[in-house]
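Notes follow the structure.
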Amino acid sequence: MERAEVFVASPGRNFVTLRITTSDGVTGLGDATLNGRELAVASYLRDHLVPLLIGRDPARIEDIWQFLYKGAYWRRGPVTMTAIAAVDVALWDIKGKVAGLPVYQLLGGRSRDGVMVYSHASGTDVPSLLDDVAKFRDQGYQAIRAQTGVPGLGGSYGVRKGEVYEPANGSLPDEQPWSTEAYLDFAPTYLREVREKFGYGFHLLHDVHHRLTPIEAARFGKSVEDLRLFWMEDPTPAENQEAFRLIRRHTTTPIATGEILNSIWDVKDLITEQLIDYVRTTVVHAGGITHLRRIFDLAALYQVRTGSHGATDLSPISLAAAVHVDLTVPNFGIQEYMPHVAETMQVFRTNVTLKNGMLDLSDEPGLGVEYDEKAAERFPYDPKYLPVARRLDGSVHDW
15 MERAEVFVAS
25 PGRNFVTLRI
35 TTSDGVTGLG
45 DATLNGRELA
55 VASYLRDHLV
65 PLLIGRDPAR
75 IEDIWQFLYK
85 GAYWRRGPVT
95 MTAIAAVDVA
105 LWDIKGKVAG
115 LPVYQLLGGR
125 SRDGVMVYSH
135 ASGTDVPSLL
145 DDVAKFRDQG
155 YQAIRAQTGV
165 PGLGGSYGVR
175 KGEVYEPANG
185 SLPDEQPWST
195 EAYLDFAPTY
205 LREVREKFGY
215 GFHLLHDVHH
225 RLTPIEAARF
235 GKSVEDLRLF
245 WMEDPTPAEN
255 QEAFRLIRRH
265 TTTPIATGEI
275 LNSIWDVKDL
285 ITEQLIDYVR
295 TTVVHAGGIT
305 HLRRIFDLAA
315 LYQVRTGSHG
325 ATDLSPISLA
335 AAVHVDLTVP
345 NFGIQEYMPH
355 VAETMQVFRT
365 NVTLKNGMLD
375 LSDEPGLGVE
385 YDEKAAERFP
395 YDPKYLPVAR
405 RLDGSVHDW
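Using the numbering used here, read the sequence shown as starting at 15 and increasing by one per residue.
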């Protein structure tokens, strides 16, 4: 590798982008975005990883991954794994371009013709949520996540404002009120209204955002079993893997978690003990394509399917990398998808396409993504933070 550059820009939202250039002039792109902590990863790359890359053979992807992971002594964690992911994905991009093949061909070729995605339907109240679900059904989506604000609470995490859903907003975190009791009383009722209006001819998903205790999550899952949710996402904080055992004992509603987890060790027990049905680790926060494939291969042994995080805090580079992986793994389940805003697409060009609720790629070598450095200069870094939930007594609640 001859050169490695780190770019930080905010075309609609903040992204950290790594570009590696080989001695032959071949370039590869990697996404290093960690929502709300972008500059920490940018510094990790510039100050600690880039100097280690110069002069190394970019074809040795596995060796470089092991070197960066084990050589630091301090392993795992979101900053480290996001930085390693950026390098790893950029090297896969280079390998594909050198071979003249799309990355998915290097991973074994297609296992499917397209990647089923789910959209985000939301509203400030139930009527507006139902209107949003109708819009996505008309657009051909086969799977829809449904969220709406809880009456009486000012917070609306998970609810889109305008045409774009972006929870990170403002130079300081938005501190939102939260009542578990109000949520548990209300959420099953609006999910039931979605089913009553639109029936069971599509997949319905719901995100709990880590905000319930295990027994509360079990109660919620039990209350919506007849609605046949595709999954309830992040029903309780995932750091305590044992907590999912209690949920599992009390409900058959499928469980998905993993977007904030960063390594195979973080999800090992969840997978091997079949405490979840879908693992949501993502290419940008779990060490890149190399490590994500390890997680998905382990999951396949235990009939756990993939359901990678894919909100717009992942740049088009990560979305493309995710689709390359999704096309190949045998245990694919679903891919989260949110279209990027126009400003983002002024900086990134991608060959990912959406049709009838499915994503696909062209046969362009590598990832099929380009980065316009000059366009990015028009969008300087803009600090933004994710919201913080506070109980009605003022104490901080689980995110």
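All C-beta atoms, glycine included, are put in the ideal place defined by N, C-alpha and C.
To test your reading of the DSSP string, which unbroken beta strand (DSSP E) runs of 3 or more residues are found completely within the stretch 277–340? none
Given N183, which residues of its chain have a CB within under 7 Å of its CB, disregarding the five upstream and five downstream residues? K398
Quick one: what's got a C-beta closer than 7 Å to A390's C-beta in the same chain, skipping five residues either side? F21, A23, P25 and V361
Report yes if the C-beta distance between W192 and R159 is below 8 Å; otherwise report no. no
Is it right to say E229 is buried, meaning 16 or more other beta carbons lie within 10 angstroms of its own, or is it exposed? Here the sequence assigns Ile to residue 229, which means Glu is not the residue at that position. Looking at its Cβ environment, which holds fewer than 16 other Cβ atoms inside 10 Å, I229 is exposed.
Specify whether the stretch 49–69 and the stretch 240–249 touch according to this definition: at least 3 beta carbon pairs, one from each stretch, less than 8 Å apart. no
Only counting the same chain, and skipping five residues up and downstream in sequence, which positions put a Cβ closer than 6 Å to that of E189? V402 and R404
Beta-carbon within less than 7 Å of M420's beta-carbon, same chain only, minus the 5 sequence neighbours each way: which residues are those? In the structure as shown, the chain starts at 15 and stops at 413, and residue 420 therefore has no counterpart that could be examined.
Just to confirm before moving on: does the CB-CB distance between G347 and R307 stay below 8 Å? no
By the three-class DSSP mapping on this structure, what secondary structure does G10 have? Here the chain comprises residues numbered 15 to 413, so residue 10 is not present and cannot be evaluated.
Of all the options R33, Y87 and G50, which has the alpha carbon lying nearest to the alpha carbon of P72? R33
Could you check where the alpha helix (DSSP H) with A19 kicks off and where it finishes? Contrary to the premise, residue 19 reads as Glu rather than Ala in this sequence. Taken as a continuous stretch (DSSP letters only), E19 belongs to no alpha helix (DSSP H), being part of the beta strand (DSSP E) at R17 to A23.
For Q119, three-class secondary structure by DSSP: helix
Once the 5 residues before and after V112 are set aside, which same chain residues still bring their CB inside 7 Å of it? V40
Rounded C-alpha distance that separates N345 from A99: 22 Å
Give a yes or no on whether 8 Å exceeds the smallest Cβ distance from D340 to chain C. Going by chain labels, chain C is absent from the structure shown, which holds only one protein chain.
Rounded C-alpha distance that separates V12 from S136: Since the first residue of the chain shown is 15 and the last is 413, residue 12 is not available in this structure.
Counting beta carbon pairs with one atom in the stretch 230–242 and one in the stretch 205–220, are three or more of them shorter than 8 Å? yes
Measuring alpha carbon to alpha carbon, tell me which of E207, V129 and R126 ends up nearest T162. E207
Reduced DSSP secondary structure (H/G/I, E/B, other) of L59: helix
Separation of F150 from G371, as counted between CA atoms: 9 Å
Counterpart residues of Q255 in DSSP-defined beta bridges: None, per the DSSP bridge assignment.
Within this structure, are the beta carbons of V337 and V366 separated by less than 8 Å? yes
Within 10 Å of its beta-carbon, does L186 have 16 or more other beta-carbons around it, so buried, or fewer, so exposed? exposed
Identify which residue in V101, L400 and D291 has its Cα closest to the Cα of R70. V101
What do you get for E253, buried or exposed, if any count of 16 or more other CB atoms within 10 angstroms of its CB means buried? exposed
For M372, which residues does DSSP report across the bridge? M130 and K369
Sequence-distant residues of its chain with Cβ nearer than 6 Å to F200 (five each side left out): V164
Could you please give the first and the last residue of the uninterrupted alpha helix (DSSP H) stretch that includes F346? Taken as a continuous stretch (DSSP letters only), F346 belongs to no alpha helix (DSSP H), as it is neither H nor E.
What residues in its chain sit with their C-beta under 7 Å from that of Y316, if we drop five residues either side in the sequence? I285, T286 and Q288
Check whether the Cβ atoms of Y292 and G324 lie closer than 8 Å to each other. no
Short Cβ contact (8 Å threshold) for A232 with L260: yes
Please determine, among Y87, G91 and D77, the residue with the shortest C-alpha to C-alpha distance to W279. G91
Pairwise C-alpha distance: A334 and L381: 6 Å
Would you decide whether H354 is buried or exposed? Buried here means 16 or more other CB atoms lie within 10 Å of its CB. buried
Out of curiosity, what's the CA-to-CA distance linking S329 and T47? 7 Å
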